[in-house]
Amino acid sequence: MALTRSGRFVDNYTSKRQQYNWNPISGYKDRDVKSLEEAVESIVPFVDKVMQYAEEAKQKCRKNTKLTINESAAIYLYTMNTPFYETLNEALRGENPPALVPCTPIPEGKHVMISYDSNSQEIVFKIYHYLQLEHIPLWLNKQKETTNDLKKSLAEGVENAAVVCCFMTHDYEKSDFCQFELQYAQKRQKRIIPCMLTDVKTWNPSDWLESIIEDLVPVDFHNVSDPSIMEENVMELIYRIKYQHSTSQYIPSQVADKPSYLFELIKYEYKQNSRIERFMNPAKSFPIDQSYINLAIVETKDQQEKEKKLRDSQHNDAIIEAFENIHGTKTPIDVKEIFKTCKNKRRNVLVFGRAGIGKSTFCRYIAYQWATGIIWQEYELIALIPLRSLTADRYPILPASASYSLIDVLRKECFSFDPYLSEKDEKQLQEQF
Numbered sequence: 252m253a254l255t256r257s258g259r260f261v262d263n264y265t266s267k268r269q270q271y272n273w274n275p276i277s278g279y280k281d282r283d284v285k286s287l288e289e290a291v292e293s294i295v296p297f298v299d300k301v302m303q304y305a306e307e308a309k310q311k312c313r314k315n316t317k318l319t320i321n322e323s324a325a326i327y328l329y330t331m332n333t334p335f336y337e338t339l340n341e342a343l344r345g346e347n348p349p350a351l352v353p354c355t356p357i358p359e360g361k362h363v364m365i366s367y368d369s370n371s372q373e374i375v376f377k378i379y380h381y382l383q384l385e386h387i388p389l390w391l392n393k394q395k396e397t398t399n400d401l402k403k404s405l406a407e408g409v410e411n412a413a414v415v416c417c418f419m420t421h422d423y424e425k426s427d428f429c430q431f432e433l434q435y436a437q438k439r440q441k442r443i444i445p446c447m448l449t450d451v452k453t454w455n456p457s458d459w460l461e462s463i464i465e466d467l468v469p470v471d472f473h474n475v476s477d478p479s480i481m482e483e484n485v486m487e488l489i490y491r492i493k494y495q496h497s498t499s500q501y502i503p504s505q506v507a508d509k510p511s512y513l514f515e516l517i518k519y520e521y522k523q524n525s526r527i528e529r530f531m532n533p534a535k536s537f538p539i540d541q542s543y544i545n546l547a548i549v550e551t552k553d554q555q556e557k558e559k560k561l562r563d564s565q566h567n568d569a570i571i572e573a574f575e576n577i578h579g580t581k582t583p584i585d586v587k588e589i590f591k592t593c594k595n596k597r598r599n600v601l602v603f604g605r606a607g608i609g610k611s612t613f614c615r616y617i618a619y620q621w622a623t624g625i626i627w628q629e630y631e632l633i634a635l636i637p638l639r640s641l642t643a644d645r646y647p648i649l650p651a652s653a654s655y656s657l658i659d660v661l662r663k664e665c666f667s668f669d670p671y672l673s674e675k676d677e678k679q680l681q682e683q684f
C-alpha cells in the first residue's frame, strides 16, 4: 500500500505494518529468490538501460550489512538519481494505461457494506473491527429478519455502497435475505469482494451465487484461528477495498441505472409467502413450487356450450360423456406462454373457474416464478392484487372529482409491510411508473 511522491513509490503504512507484523508484499516468501539482474530482465524492453542501472547499483551499494548484495543493490537502485521510474511508468502507461490508473478513495457519503448471514456473526464482527481500525467507513445490518430489515439493507446499505463485501457460507447462499442483498448490489453495479468463510475445497456455490462471483477471487477467511493468518488476510481485504479495480461481473439486461429496491421488496414478499396451506389443516403448508399442478385452460365458449349440453341431458350416460368432454384430459398451457395468443399490444388474459379450482393459487404461482427469476424477467413488476381485497371498507368511496390510482392500490396491497412509505420511496414509485 503506497502513495506516489516525486515520481517514486514510498511506503505510507510502515508504522501500521510494524505494529501488526505484516509482510510488505503478501506471499513473497513463496516466490523463488532471484538476482537483481534476473528481477529486472523482464522490463528491459521498456527501460533500455535498466541492466546498466542494476550493475551500477551493485557496485555502489553498501556491502557490510546483514543484507545480501542483491537486497542492498535493490534498495540502492530504488534511491538512484536516474529517470528509471519516470521512464518505466511512462512505458507501462503506454502499454496498458488502465492498469496504472490510481484507485480513488471511497467517496464521501459512501461506505463498504458488509453482507453476511447471522450465523457467521462472530467472525464477521472481528473482521469488521479490523476494518474500523483502518478508518474505513462501514455499514452492517444487525437485524436480518423482516421485509423492513431488507428494505434498510437495500435502500441504505447497497444504494450508498462503494464496495460490498459478502461473507460466504452454506447458510449465506441459502438465505433469501442475503441473496436479495447481493443480487441487488450486482444489479446496481457495485464492486463486490467475496470473502470465503468455508473450506474452498468443499465449496460448491448455488447457481445464483456462482453467477455473481464466478470471475472473482475470494479472500480466504476459512481457517484464521492463528492471529497472524487473520491479520494477513485482513490486510489483503483492506488492500482490495482501497486499490482493486472493479471487474465486469454485471449482466447488462439486469443492470438498473436507478434505484429499484421497492420492486425487489415485492419479489422478496412473494418468495416469503410461497406456501400452500391445507384446506383441512391450514397450520400445515407446502412449498408452492413443489405442490402446484398446472391448470388446463379451455376456451370459455367451448366450455359453456358443453356445460349447457350437460344440464339439458336426461340420461346418465350422456351426463357422464359430457362431463368427460368438459373436464377430461386437456393439454396444459405453460404459464410463461400464456400471453402468446394475445394479438393486441395490450395483452389481457381473464381466467374463470369455480371456487377452489385454483385461480388464486395460479396467480400466486406466477408471482413466485417471476420473483425467483424463472419467467417474465422482461417485466419490472408483477403485481398480485386479490380482487376480494378491493372492498369499500379498504377503499372508501371518494368525492365525485377524485378516484383511486393504480399507485394507490399498489401502495396498499403490495407494500403492506410498510404502510407509510417515505417521501423518497413515494418519488421512486412515481418514477418507476
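The sequence shown: position 89 = 340 (the working numbering), numbered continuously. Ideal placement from N, C-alpha and C gives every residue a C-beta, glycine not left out.
Closest to residue i by CA distance: which of the options is it?
i: residue 625; options: 425, 404, 405, 459; result: 459
i: residue 601; options: 638, 326, 631; result: 638
i: residue 676; options: 470, 596, 631, 512; result: 512
i: residue 614; options: 534, 635, 397, 661; result: 635
i: residue 286; options: 593, 393, 306; result: 306
i: residue 493; options: 478, 363, 643; result: 363
i: residue 421; options: 378, 379, 473; result: 473
i: residue 642; options: 650, 392, 660, 284; result: 660
i: residue 688; options: 290, 514, 316; result: For residue 688 there is no data in the structure shown, the boundaries of the chain being 252 and 684.
i: residue 425; options: 457, 359, 392, 478; result: 457
i: residue 468; options: 495, 394, 296; result: 495
Helix, strand or coil: how does DSSP classify residue i here?
i: residue 621; result: helix
i: residue 643; result: coil
i: residue 386; result: coil
i: residue 409; result: helix
i: residue 253; result: With a pLDDT of 37 at residue 253, under the threshold of 50, the modelled position of this residue cannot be trusted; read the value that follows with caution. Note: residue 253 maps to strand in three-state DSSP.
i: residue 657; result: helix
i: residue 391; result: strand
i: residue 596; result: coil
i: residue 302; result: helix
i: residue 673; result: coil
i: residue 571; result: Any reading at residue 571 must be qualified, since the residue scores a pLDDT of 48, below 50, and its modelled position is unreliable; the value itself is stated next. Reduced to three states, the DSSP call for residue 571 is helix.
i: residue 404; result: helix
i: residue 492; result: helix
i: residue 272; result: Low confidence applies to residue 272: its pLDDT is 48, below 50, so where it sits in the model is not reliable, and the reading given next is rough at best. Three-state result, residue 272: coil.
If residue i and residue j are in contact, beta carbons under 8 Å, what's the gap, nearest whole angstrom?
i: residue 488; j: residue 444; result: 7 Å
i: residue 537; j: residue 544; result: Wrong, their Cβ atoms sit about 12 Å apart, outside the cutoff.
i: residue 448; j: residue 542; result: Going by Cβ atoms, the distance from residue 448 to residue 542 rounds to 34 Å, so no, they are not a contact pair.
i: residue 300; j: residue 324; result: Rounded, the Cβ-Cβ distance is 15 Å, inconsistent with contact.
i: residue 517; j: residue 632; result: 7 Å
i: residue 389; j: residue 428; result: Not confirmed; about 19 Å, so no contact.
i: residue 470; j: residue 491; result: 7 Å
i: residue 419; j: residue 446; result: 7 Å
i: residue 684; j: residue 648; result: So it is not a contact: roughly 24 Å between Cβ atoms.
i: residue 668; j: residue 520; result: 7 Å
i: residue 288; j: residue 302; result: 6 Å
i: residue 619; j: residue 522; result: 7 Å
Run the CB neighbour count on residue i, radius 10 Å, all protein chains shown included, and call it buried at 16 or more, exposed below.
i: residue 598; result: exposed
i: residue 671; result: exposed
i: residue 531; result: exposed
i: residue 665; result: buried
i: residue 298; result: buried
i: residue 414; result: buried
i: residue 628; result: exposed
i: residue 431; result: buried
i: residue 408; result: buried
i: residue 358; result: exposed
i: residue 678; result: exposed
i: residue 466; result: exposed
i: residue 651; result: exposed
i: residue 596; result: exposed
i: residue 423; result: buried
i: residue 295; result: exposed
Mind checking whether the beta-carbon of residue i lies closer than 7 Å to any heavy atom of the ligand SAM?
i: residue 651; result: You won't find the ligand SAM in this model; it holds no ligand whatsoever.
Under the DSSP definition of a beta bridge, which residues are partnered with residue i?
i: residue 442; result: 414
i: residue 471; result: 447
i: residue 362; result: 412
i: residue 528; result: 536
i: residue 419; result: 447
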